[in-house]
Amino acid sequence: MIDFKIMSRVCSICGKGSIVTVTRKKLRSKYNPTTKKRKYPNLQWVKLGNNKRVKACTKCIKIMGKRQRAIV
4 MIDFKIMSRV CSICGKGSIV TVTRKKLRSK YNPTTKKRKY PNLQWVKLGN NKRVKACTKC
64 IKIMGKRQRA IV
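Quick note: to get the numbering used here, add 3 to the position in the sequence shown (first position is 1).
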């Protein structure tokens with residue numbers, strides 16, 4: 004588990020953060036100038052073993068659930 008106290012938009016488990024995407028719009032066979040967008044991961048508050056709350060992305064939550072079901 005990675006400890007990210009400053010950056011709130013980063014997954015505490017895998018470290019997944021934001022990415023910058025550029026959408027390209029085409030009109031009459033020309034690409035028009037577009038703005039850059041920042042996309043953030045889907046982070047949720049999750050309680051871990053010792054009742055510690057962390058922000059985790061939904062992919063990590065899904066993987067943790069699968070591992071827990073495999074153990075039981």
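The C-beta atom is built at its ideal place from N, Cα and C for all residues, glycine as well.
All of these numbers come straight from a predicted model, not from anything done at the bench.
In the structure shown, Thr24 falls within a strand segment according to DSSP collapsed to helix, strand and coil. Buried is the label assigned to Pro44, since at least 16 other Cβ atoms lie within 10 Å of its Cβ. In the structure shown, Arg56 adopts extended strand secondary structure according to DSSP, grouped into three states.
Comparing C-alpha distances from Ser21 to each of Ser11, Arg27 and Lys29 shows the shortest one belongs to Ser11. In the displayed model, Lys19 falls within coil according to three-state DSSP, outside both helix and strand. When secondary structure is reduced to three states using DSSP, Arg41 falls in the strand class.
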